[in-house]
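S.K.: Before I ask anything, here is the structure I am working with.
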Amino acid sequence: MVLPLVHGLRDSGRGCERRLPDTHGVAVGGIPASAVAMSRTPDPPRAAGSGLPPGLPLKISGIVFWGSLLVGLAMALASLHGLQEHLAWEYRASADSFAYRMQGFLGAHPDALFPAVRREARRLRVELGLRGVDLKLGDRQVRLGSTGAGLKPRTRQVRDPATGRVLQIRVYEPDLQRVVTATRKRMLIVGALSFLLLGMILKWILERVLSRPFLRMVETARRFSRGETNLRLDERRNDEFGFLARFINRALDYVLTQQEELREALARVRRSEAALFREKERAEVTLHSIGDAVITTDGEGRIDYLNPVALQLTGWRAEEIGGRPIASLMRIVGEHSGEEIPHPVVQALCENRIVELPPHSVLLCADGHSFPIADSAAPIHDRRGRTIGAVMVFHDVTYARRLERELSYHASHDALTGLCNRRQFELVLEQALQDAVSGGREHALCYLDLDQFKV
């Protein structure tokens, strides 16, 4: 059962590792690998020197040994059970055969005297291999062979049909349990010695063809893990160990190459992170310094960022509104109509375009106050053109609206009297005429000259 695993291992005495020149300059654990020439290494030390107990051959030998021992014990028990039945049948058959042949002798010699019967019984005992026989014919009795302790008798009676004489026979046989016990002891002793010898031979074979090359491979792996990355396993073998060595060496080369590439990629990522961090700081400083309120959202319209101006105008706190939908926090209505205006951020995300608020828009803040704003919102795209968020820029136009109202008032009212001037009068009159034409309404015009100047 071991040959398929270890075939071709006759050259197990060769070294199982080699050194390769380090062409990549790869290091593991911060230890650089140096280029060295290929060399053969001596046999690795035993368990006390290498710290690696040679337990694999012992485990395999133990499994095979105890498995074989259990199978052997099972076979021995089965054989002993059959042996006991066979011996019992043989003893019964011997006694029956002796009695049957003695009956045949008496039938053939009805006038035979007891000495003749004794001679025939002696001959049959020797022929059948019986230990002892006790015959009793009438008042005559004779014992042949051994009938002492340790023997158990089997009784048979034979009747001569011609004369009616009865021959009582006792055939003495060894005690069946003692025979079986002695046989079991012999088989167990012989089997134990045989399997012990087999296990020792198997251990020696496995240690020679499996343990030594395996421990060399383990020793090479241990040294490699300590930083000697230029070590490689011996690939010159043509068996399973050679195949594993080639596979592991290729895997190590690939891993070391990938490790170097990962180092370079990690360095590039760190440089990119540093550049991105600088750009982020620059952008944050710019947004903090800008005079307009700036709010950014993700692709779902949830707030990501507010600059200080936006926090000041809205009265919000950044920790309270982060991640909440902007449409539910910012309500924008018309200044004159009071109707709610669609949120520009939602429009920009849905329509993927820049959206500006209509004139005279008012922002309703969370604390209840409101102020007019001028606003625009635009979608934010990534490199592939996908919309990943939106930015909203707005500012308070309360002062501009007040100036606008003052200019409009002065343009339409007399500075001395505070009444509407002719331009405003004509505008109102024109609106009344249009309303009368379009709505079918009637209007009355009352004209009063306050200073008797107009005609």
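If you want the working numbering, it's the 1-based position in the sequence shown plus 406.
Here a beta-carbon is modelled for each residue, glycine too, at the ideal position from N, C-alpha and C.
Being a predicted model, the structure only gives us computed values, none of them experimental.
Which residues does DSSP list as the beta-bridge partners of I879?
M.R.: The structure shown does not extend to residue 879, since the chain spans only 407 to 861, so no value can be given for it.
S.K.: Here's the rule I'm using: 16 or more other beta-carbon atoms within 10 Å means buried, otherwise exposed. How should A484 be labelled?
M.R.: So A484 ends up on the exposed side.
S.K.: Look at V768 and A783 and say whether their C-beta atoms are less than 7 Å apart.
M.R.: In this structure, A783 does not lie closer than 7 Å to V768 by Cβ.
S.K.: Using DSSP's beta-bridge definition, name the partner residues of V739.
M.R.: Its beta-bridge partners are E746, V768.
S.K.: At which residues does the alpha helix (DSSP H) containing H816 begin and terminate?
M.R.: Per DSSP, H816 belongs to the alpha helix (DSSP H) from 804 to 818.
S.K.: Would you kindly work out how many angstroms separate the C-alpha atoms of M623 and E613, rounded to a whole number?
M.R.: Going from the Cα of M623 to the Cα of E613 covers about 14 Å.
S.K.: Apart from the five residues on each side of it in sequence, which residues of its chain come closer than 8 Å, Cβ to Cβ, to P714?
M.R.: Once the five neighbours on either side are set aside, the close Cβ partners of P714 are H694.
S.K.: Counting along the chain, where does the alpha helix (DSSP H) carrying A527 start and finish?
M.R.: First-last of the alpha helix (DSSP H) with A527: 520 to 534.
S.K.: Select from M798, I794, P778, M736 the residue whose C-alpha is nearest the C-alpha of R808.
M.R.: Among M798, I794, P778, M736, the Cα nearest to that of R808 belongs to P778.
S.K.: Quick one: what does DSSP say S552 is sitting in, helix, strand or coil?
M.R.: Coil at S552, not helix or strand.
S.K.: Using DSSP bridges, identify the partner residues of P731.
M.R.: According to DSSP, which records beta bridges pairwise, P731 is partnered with R708.
S.K.: Measuring only the C-alpha atoms, how far is G744 from A806?
M.R.: Cα to Cα, the separation comes out at about 20 Å.
S.K.: Just checking my contact of R531 with L557 at CB under 8 Å: how many whole Å lie between their CB atoms?
M.R.: Not quite, the Cβ-Cβ distance comes to about 13 Å (not below 8 Å), so this is no contact.
S.K.: Can you check which of these residues, R571, A796, A518, is closest to D704 by C-alpha distance?
M.R.: It is A796 whose Cα lies nearest to the Cα of D704.
S.K.: Report the three-state DSSP secondary structure of G697 (helix, strand or coil).
M.R.: Residue state, collapsed to three classes: coil.
S.K.: State whether the stretch 540 to 555 contacts the stretch 597 to 607, with contact taken as three or more CB pairs (one from each stretch) at a distance under 8 Å.
M.R.: Flag = no, the stretch 540 to 555 and the stretch 597 to 607 do not touch.
S.K.: Opposite V761 in the DSSP bridges: which residues?
M.R.: The partner list for V761 (beta bridge, DSSP) reads A783.
S.K.: Does the structure place the stretch 706 to 713 close enough to the stretch 724 to 735 that three or more beta carbon pairs sit under 8 Å?
M.R.: Contact between the stretch 724 to 735 and the stretch 706 to 713 is present, because at least three Cβ pairs lie under 8 Å.
S.K.: By the 10 Å Cβ neighbour count, where 16 or more other Cβ atoms means buried, how is H749 classified, buried or exposed?
M.R.: H749 is buried by the Cβ-count criterion.
S.K.: If we ignore side chains and look at the alpha-carbon of each, how far apart do Q665 and A681 end up?
M.R.: Approximately 24 Å between the Cα atoms of the pair.
S.K.: In chain order, what residues of the same chain lie with their CB nearer than 7 Å to the CB of L475, ignoring the 5 residues before and after it?
M.R.: Excluding residues within five positions, the ones whose Cβ falls inside 7 Å are F601.
S.K.: Counting only the same chain and skipping the five closest in sequence on each side, list residues whose C-beta sits under 7 Å from that of V752.
M.R.: Closer than 7 Å at Cβ, skipping near neighbours: G707, A733.
S.K.: For P516 and T589, what's the separation of their Cα atoms in angstroms?
M.R.: Roughly 44 Å between the two C-alpha positions.
S.K.: Give a yes or no on whether the minimum CB-CB distance between P559 and chain B is below 7 Å.
M.R.: Considering every chain present, this structure includes no chain B. It has just one protein chain.
S.K.: Please report the residue range of the beta strand (DSSP E) in which R638 lies.
M.R.: Taken as a continuous stretch (DSSP letters only), the beta strand (DSSP E) holding R638 covers 637 to 639.
S.K.: Select from G648, N655, R618 the residue whose C-alpha is nearest the C-alpha of N636.
M.R.: Residue N655 is the option with its Cα nearest to N636.
S.K.: Mapping DSSP to helix, strand and coil, what is K591?
M.R.: Note: K591 maps to helix in three-state DSSP.
S.K.: Taking 7 Å as the threshold (C-beta atoms), are F504 and V577 in contact?
M.R.: Yes; because the gap between Cβ atoms is below 7 Å, this pair is in contact.
S.K.: If we ignore side chains and look at the alpha-carbon of each, how far apart do V585 and R642 end up?
M.R.: About 60 Å.
S.K.: Following the continuous alpha helix (DSSP H) through R829, name the residue where it begins and the one where it ends.
M.R.: That run of the alpha helix (DSSP H) goes 828 to 845.
S.K.: Determine the closest residue to V564 out of K542, P580, E496, L582, with distance taken between C-alpha atoms.
M.R.: The option with the nearest alpha carbon to V564 is K542.
S.K.: If the criterion is Cβ atoms closer than 7 Å, does the pair R562 and I575 meet it?
M.R.: Yes, they are a contact pair.
S.K.: What is the rounded straight-line gap between the Cα of E670 and the Cα of R684?
M.R.: Whole-angstrom Cα-Cα distance: 21 Å.
S.K.: Classify I469 as buried or exposed, calling it buried when 16 or more other Cβ atoms lie within 10 Å of its own Cβ.
M.R.: Exposed.
S.K.: If you count every other CB in all the chains shown that lies within 10 Å of the CB of G545, and 16 or more means buried, which is it?
M.R.: Looking at the sequence itself, residue 545 is Asp, so the reference to Gly does not match. The residue in question, D545, is exposed, as its Cβ has fewer than 16 Cβ neighbours within 10 Å.
S.K.: Is the beta carbon of F831 closer than 7 Å to that of A699?
M.R.: Result no, Cβ atoms of A699 and F831 do not sit closer than 7 Å.
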